[in-house]
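Count along the sequence shown from 1, add 377, and you get the number used in our numbering. Glycine residues also receive a C-beta, built at the ideal position from the N, C-alpha and C atoms. These figures come from a predicted structure and were not determined experimentally. In what follows, a structure is listed as structure tokens, so that the remarks can point back to it.
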Amino acid sequence: MNLNGQWNFAFDPGKSGVEQGWHKDPSGFDKMITVPFCMESKRSGIEYIDFMPMVWYHRTVDIPDNWRGQRIFLHFGAVDYECRVWVNGRQVGRHYGGSSSFSFEITEALKEKR
């Protein structure tokens with residue numbers, strides 16, 4: 378499943394999003410960004426070119442029923458420079474480095490449809 382497209386987005390200039398619980402409640406994310414474009418790019422819809430120490434992305438994803446019972450991984454082509462990933466409020470991984478691909482298994486953090 379390709380997750381490129383529109384994502385909720387927020388700037389975190391004070392790097393306080395973790396302490397404020399943004400990984401559990403992204404309701405304050407006030408912008409949209411088009412992935413896979415970086416926030417500096419016009420095509421991202423953000424086009425912010427000044428330094429920003431931390432930003433946040435959020436998206437809801439429905440896992441197909443025919444994936445049930447399989448291990449599910451979230452793959453990244455690259456992230457600059459530090460990436461922490463939460464699924465349903467649970468941290469599933471952390472990566473450092475700007476030009477390498479990486480993956481996190483998210484199976485245990487997924488929720489059943491209701």
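Taking a contact to require three or more Cβ pairs closer than 8 Å, the segment 449–457 and the segment 473–485 qualify as touching.
In the DSSP assignment, VAL456 is bridged to no other residue. DSSP places ASN443 within a helical segment (H, G or I) once states are collapsed to three.
Secondary-structure assignment with DSSP links LEU451 through a beta bridge to PHE481. Between the C-alpha atoms of MET429 and ASP457 there is a straight-line separation of about 12 Å. Contact annotation: THR411 and SER421 have beta-carbon atoms nearer than 9 Å. Taking C-beta atoms as the reference points, GLY405 and MET431 fail to come closer than 9 Å.
Here DSSP, grouped into helix, strand and coil, assigns GLY398 to coil.
In the structure shown, LYS488 falls within a coil segment according to DSSP collapsed to helix, strand and coil. Where ILE426 is concerned, there is no enclosing beta strand (DSSP E), because DSSP gives it neither an H nor an E.
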